[in-house]
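Reading through the structure tokens given below for one structure.
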Amino acid sequence: MLAEAADLALADTQSEAFRDSIDTLVVIRSHADTSPRFSHGFGSSTNPPKSVANRLNITPKRNVYTWYSGNMPQYAANWASEKIVRGEMDSEGKMGVPPWIC
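Residues in the sequence shown are numbered from 625 upward in steps of one, following the numbering used here.
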């Protein structure tokens with residue numbers, strides 16, 4: 625589902641160049657990976673960012689899978705913004721709840 629949402633968001637940009645420029649993919653840790661209490665029968669991945677990147681057919685330099693926290697989407701946005709300003713990152717894809725592309 626993350627890959628499908630990201631693919632739709634990327635399609636909205638109408639830019640293959642943007643898709644190709646994503647050098648960091650950040651996935652916010654899911655409930656199911658945090659505690660067995662939240663497990664489900666839909667399968668899982670040992671590396672969710674890599675799995676999403678494979679489905680999007682992109683090869684980011686960095687795949688980041690965060691820890692779980694209610695403020696993690698904002699923390700990840702701040703982290704990525706700082707890296708972009710310092711020239712350490714060009715663009716990133718971020719997904720979780722909600723998925724978005726920066």
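Ideal Cβ positions, reconstructed from N, Cα and C, are used throughout, including at glycine.
Given the structure is predicted, the values throughout are model-derived calculations rather than measurements.
Every unbroken alpha helix (DSSP H) inside the region 663 to 713 [4 residues or more]: 672 to 680, 696 to 709
Same chain, Cβ closer than 6 angstroms to Gly711, five either side skipped, listed in chain order: Sequence index remark: in the sequence shown, residue 711 carries index 87 (1-based). Once the five neighbours on either side are set aside, Gly711 has no close Cβ partner at all.
Sequence-distant residues of the same chain with beta carbon closer than 7 angstroms to Ser675, five excluded per side: Here residue 675 refers to the residue found at position 51 when the sequence shown is read from its first residue. Cβ within range, chain order: Ser669.
Outcome for Ala700 when other beta-carbon atoms lying within 10 angstroms are tallied against a minimum of 16: Translated into the one-based positions of the sequence shown, residue 700 becomes position 76. Buried, by the Cβ-count rule.
Closest Cα partner of Asp631 within the set Met713, Asn687, Asn695, Ala677: The sequence position of residue 631 within the sequence shown is 7, counting from 1. Residue Ala677 is the option with its Cα nearest to Asp631.
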